[in-house]
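Numbering (the working numbering), first residue to last: -7 to 149.
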C-alpha cells in the first residue's frame, strides 16, 4: 500500500517536471522525462512492486538467497582448490588436465627474434654484412632492447 502511494507520487512529480520542461520549449527532454516518470506507475499496475515488497519482507525468500550464496561459495571454493592442486594458474587447467605437461620439465629455449634472423651476430638490422657497426657499440646478445636500439639507429635517432 505504501509502495504504491510512493510510486504514484514519484510519477506525479515527474509529470509535473515534464510539463515545466515542455513550457520551456524543450519538448524532446519533456517527452523523455514523462516516459521515465510513467515507469513507477506501470510497475505498480503490473504487480512487480507488490511482488518485490512481498519478497523483500519474506524470511523464506531471504533464506533462499542464503542457500544460493552458500552454493556459489562452495562452487568457487572447489574451483580454487582444483586450480591450486593442478597448478594451472592462468591457463585454466587445460594443459594440465590432458597430461601434456609433466612436473620437472622445462620449456625449450626460445629462437632468435624474427627481426634478426638471417643476419650475422652483432650486426644491426639494415646494415650490410661486410661493414662493421657504427660507433663501435654492439648490442649484448641477452639485451632485450637491442632490436629497438637497431631501429632507432637506422632512423638516425
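The C-beta atom is built at its ideal place from N, Cα and C for all residues, glycine as well. In this text, all values refer to a predicted model and were calculated from it rather than measured experimentally.
message: With distance defined between alpha-carbon atoms, name the residue in 69, 35, 74 and 64 nearest to residue 2.
response: 35
task: Label residue 25 either buried or exposed according to how many other C-beta atoms from any shown protein chain fall within 10 Å of its C-beta, with 16 as the threshold for buried.
output: buried
- prompt: For residue 41 versus residue -5, is the C-beta distance shorter than 8 angstroms?
  reply: yes
- request: Find out if the Cβ-Cβ distance for the pair residue 0, residue 31 is shorter than 8 angstroms.
  value: no
task: Determine, using beta carbons only, whether residue 27 and residue 13 come nearer to each other than 8 angstroms.
output: no
query: In this structure, does DSSP put residue 8 in helix, strand or coil?
result: helix
message: Measuring straight from C-alpha to C-alpha, what distance separates residue 156 and residue 18?
response: Shown here, the chain extends from -7 to 149; a query on residue 156 therefore has no answer.
query: Taking just the CA atoms, how far does residue 76 sit from residue 68?
result: 12 angstroms
- request: Could you name the residues of the same chain whose beta carbon sits closer than 6 angstroms to that of residue 29, not counting the 5 residues immediately before and after it, in chain order?
  value: 3, 6 and 7
- request: Output the distance between the C-alpha atoms of residue 50 and residue 73, rounded to the nearest integer angstrom.
  value: 35 angstroms
field: CA-to-CA distance, residue -3 to residue 16, given in whole angstroms
entry: 29 angstroms
- prompt: Can you give the beta carbon distance from residue 47 to residue 53, rounded, assuming they're within the 8 angstroms contact cut?
  reply: 5 angstroms
message: Quick check on residue 88: does DSSP put it in helix, strand or coil?
response: At residue 88, the pLDDT of 49 sits below 50, so the modelled position is not reliable; the number obtained from the coordinates is stated separately. Helix at residue 88.
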